[in-house]
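**Student:**
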Amino acid sequence: MGKGLFIINSNMRKTLVVCFILLMSLLGIVLAEVSLPNYSGYINDYANILSPSDKQALEKISQELKKQTGAELAVVIVKSVAPLDSKTYAVKLFEKWGIGEKDKDNGGLILLAMAEHRIEIEVGYGLEGTLPDAKAGRILDTYAIPDFKEGNYSQGLIATSKAVSQVVKGETVDLVAGGQEDEPGIPIVPFTPLPTAFLIAGVLLVCFLFRKWVVTLSVIICVIIAGLAGGFWGAVIGIFIGLVMSGFTALASLPGGGRGSGSWRSGSSRHSRSHHSFGGGRSGGGGAGRSW
Numbered sequence: 001m002g003k004g005l006f007i008i009n010s011n012m013r014k015t016l017v018v019c020f021i022l023l024m025s026l027l028g029i030v031l032a033e034v035s036l037p038n039y040s041g042y043i044n045d046y047a048n049i050l051s052p053s054d055k056q057a058l059e060k061i062s063q064e065l066k067k068q069t070g071a072e073l074a075v076v077i078v079k080s081v082a083p084l085d086s087k088t089y090a091v092k093l094f095e096k097w098g099i100g101e102k103d104k105d106n107g108g109l110i111l112l113a114m115a116e117h118r119i120e121i122e123v124g125y126g127l128e129g130t131l132p133d134a135k136a137g138r139i140l141d142t143y144a145i146p147d148f149k150e151g152n153y154s155q156g157l158i159a160t161s162k163a164v165s166q167v168v169k170g171e172t173v174d175l176v177a178g179g180q181e182d183e184p185g186i187p188i189v190p191f192t193p194l195p196t197a198f199l200i201a202g203v204l205l206v207c208f209l210f211r212k213w214v215v216t217l218s219v220i221i222c223v224i225i226a227g228l229a230g231g232f233w234g235a236v237i238g239i240f241i242g243l244v245m246s247g248f249t250a251l252a253s254l255p256g257g258g259r260g261s262g263s264w265r266s267g268s269s270r271h272s273r274s275h276h277s278f279g280g281g282r283s284g285g286g287g288a289g290r291s292w
């Protein structure tokens, strides 16, 4: 009799491994990385809160800034940034669009996340000296948050964009003396039974089928990816990748397994900039965020 309470023959074990891989594939679909939108200009209102005149006013601010300084300022309004937090979303969107000139990294992004009640100012490397984190936060405290609390989103965005533009141009702007401490974006992760059930079932299955080293490997990979990606979803995706890799490794080690000559290649996620109107700038990770 085996070491455990259950005896699993080779065929049953192969079947369970296949089920495990399918289970993890479904989990991967559920936890797929959020799809970032494409831009349609400097001003991108995906929540439909701007009137045509408000959008035109914001567009004019960005166009004049570009003409006078070369810096690029994008304004983005989204319904939600889930499953990411607003800061991570802003950084990823900044990098995808390449806001700012390539060799100067003089881009700026104002992101408004309606469901999370968050606004972020993200700054390129080249503007970090001109628009440091503390000043970006004071701009939000002075021009964005008061209007947002009253539901005047367009007015607050226009005032904030003007202030950011003036600072980049080297002009003086009136700012509140103090303001609240800069807050990191807090991920709002609603309870989702399907991904949670898949994850728990996958962990239990792999622990049941294989040895402790598989769990150890999964945890190590989880920690590494969580450290790079950050937050709850980084950990979840890390566990998912670790379990999938462990499942394939275990399948290959089964009798008769791992003999196939087939191969697979992951698709490239390279973002094409062939039609990019922005200059290819990079985010410096600086800026500020606020809740209202």
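Sequential numbering of the sequence shown, starting at 1, is according to the UniProt record's numbering. Where a beta carbon is used, it is the ideal one built from N, C-alpha and C, also for glycine.
1. List the whole-angstrom C-beta distance separating residue 303 from Tyr-42, where the pair is believed to meet the contact cut-off of C-beta under 8 Å.
2. Going by alpha carbons, who is nearest to Asn-106 out of Ser-291, Gly-129, Asp-54, Glu-116?
3. Compute the distance between the beta-carbons of Leu-140 and Ala-288, then report whether it is under 7 Å.
4. DSSP three-state label for Ser-73, please.
5. Taking the alpha carbon of Ala-71 as the reference point, which residue from Trp-292, Gly-285, Ser-53, Gly-281 has its own alpha carbon closest?
6. Taking only the alpha-carbon atoms, compute the straight-line gap between Leu-65 and Glu-171 and give it to the nearest angstrom.
7. Is the Cβ-Cβ distance between Ile-110 and Val-75 less than 7 Å?
8. Quick one: using the 10 Å Cβ neighbour count with 16 as the cut-off for buried, is Gly-126 buried or exposed?
9. When the Cα atoms are used, what is the spatial distance from Ser-266 to Lys-135?
10. Measure the Cβ-Cβ separation of Ser-291 and Arg-118 and say whether it is below 7 Å.
11. Evaluate Asn-48 with the Cβ neighbour count: other Cβ atoms within 10 Å of its Cβ, from every protein chain shown; 16 or more gives buried, anything less gives exposed.
12. Please state the DSSP three-state secondary structure of Val-167.
13. Below 7 Å between beta carbons: does that hold for Ala-113 and Val-78?
14. Among the candidates Val-164, Ala-163, Gly-285, Tyr-153, whose CA atom is the shortest distance from the CA of Asp-45?
15. Helix or strand or just coil, what does DSSP make of Leu-109?
16. Considering Cα atoms alone, identify which of Ser-161, Gly-156, Ser-86, Tyr-39 is closest to Glu-120.
17. Do you know how far the Cα of Gly-286 is from the Cα of Pro-132?
18. Can you tell me whether Val-78 is helix, strand or coil according to DSSP?
19. So what does DSSP say about Ser-51, is it helix, strand or coil?
20. Can you find the residues in the same chain that come closer than 8 Å, C-beta to C-beta, to Ser-277, ignoring five residues on each side of it along the sequence?
21. If distances are taken between C-alpha atoms only, which option among Pro-146, Ala-163, Leu-84, Glu-122 comes closest to Ile-99?
22. To which residues of the same chain is Gly-279 closer than 7 Å at the C-beta, ignoring the five residues directly before and after it?
23. Could you name the residues of the same chain whose beta carbon sits closer than 7 Å to that of Thr-69, not counting the 5 residues immediately before and after it, in chain order?
**Tutor:** Looking at the coordinates:
1. Residue 303 cannot be examined here, being either before or after the span of the chain that is shown, 1 to 292.
2. Mapped onto the sequence shown, residue 106 falls at position 106. The candidate whose alpha carbon is nearest that of Asn-106 is Gly-129.
3. Taking the first residue of the sequence shown as 1, we reach residue 140 at position 140. Taking the first residue of the sequence shown as 1, we reach residue 288 at position 288. In this structure, Ala-288 lies closer than 7 Å to Leu-140 by Cβ.
4. As a position in the sequence shown, residue 73 is number 73, starting the count at 1. Note that residue 73 is Leu in the sequence shown, not Ser. Annotated three-state conformation of Leu-73 is strand, per DSSP.
5. Taking the sequence shown and counting its residues from 1, one reaches residue 71 at position 71. The shortest Cα separation from Ala-71 among Trp-292, Gly-285, Ser-53, Gly-281 belongs to Gly-281.
6. Indexing the sequence shown from 1 puts residue 65 at position 65. Indexing the sequence shown from 1 puts residue 171 at position 171. Pairing Leu-65 with Glu-171, the inter-Cα distance amounts to about 12 Å.
7. As a working note, residue 110 is residue 110 in the sequence shown. As a working note, residue 75 is residue 75 in the sequence shown. Between Ile-110 and Val-75, the CB-CB gap stays under 7 Å.
8. Stepping through the sequence shown from its first residue, residue 126 is reached at position 126. Burial check for Gly-126: the Cβ neighbour count within 10 Å reaches 16 or more, so the residue is buried.
9. Mapped onto the sequence shown, residue 266 falls at position 266. Mapped onto the sequence shown, residue 135 falls at position 135. For Ser-266, the pLDDT reaches just 34, beneath the cut-off of 50, and the residue's location in the model is therefore unreliable, leaving the point undetermined.
10. The count along the sequence shown starts at 1 and reaches residue 291 at position 291. The count along the sequence shown starts at 1 and reaches residue 118 at position 118. Going by C-beta atoms, Ser-291 is nearer than 7 Å to Arg-118.
11. To locate residue 48, count along the sequence shown from 1; it is residue 48. With fewer than 16 Cβ atoms within 10 Å of its Cβ, Asn-48 is classed as exposed.
12. Taking the sequence shown and counting its residues from 1, one reaches residue 167 at position 167. Val-167 falls in the helix class under three-state DSSP.
13. Here residue 113 refers to the residue found at position 113 of the sequence shown. Here residue 78 refers to the residue found at position 78 of the sequence shown. For the pair Ala-113 and Val-78, the CB atoms are nearer than the 7 Å cut-off.
14. Here residue 45 corresponds to residue number 45 of the sequence shown, with the count starting at 1. Of the candidates Val-164, Ala-163, Gly-285, Tyr-153, the one whose C-alpha sits nearest the C-alpha of Asp-45 is Tyr-153.
15. The count along the sequence shown starts at 1 and reaches residue 109 at position 109. DSSP places Leu-109 in the strand class (E or B) of the three-state scheme.
16. Counting from one through the sequence shown, the residue named residue 120 turns up at place 120. Comparing Cα positions, the closest option is Ser-86.
17. If you number the sequence shown from 1, residue 132 lands on position 132. If you number the sequence shown from 1, residue 286 lands on position 286. Approximately 7 Å, taken between the alpha carbons.
18. As a working note, residue 78 is residue 78 in the sequence shown. DSSP places Val-78 in strand when its eight states are reduced to three.
19. Counted from its first residue, the sequence shown places residue 51 at position 51. In this structure, Ser-51 counts as coil in the three-state DSSP scheme.
20. The residue labelled residue 277 in the question sits at position 277 within the sequence shown. The answer, listed in chain order, is Tyr-39, Gly-41.
21. For the purposes of this step, residue 99 is taken as the residue at position 99 of the sequence shown. With distances taken between Cα atoms, Ile-99 lies closest to Glu-122.
22. Taking the first residue of the sequence shown as position 1, residue 279 is located at position 279. Listed in chain order, the non-local C-beta contacts of Gly-279 below 7 Å within the same chain comprise Glu-72, Gly-98, Gly-100, Glu-101, Lys-102, local neighbours out to five positions each way being set aside.
23. Locating residue 69 in the sequence shown gives position 69, counting from the first residue. Contacts found: Val-168, Lys-169.
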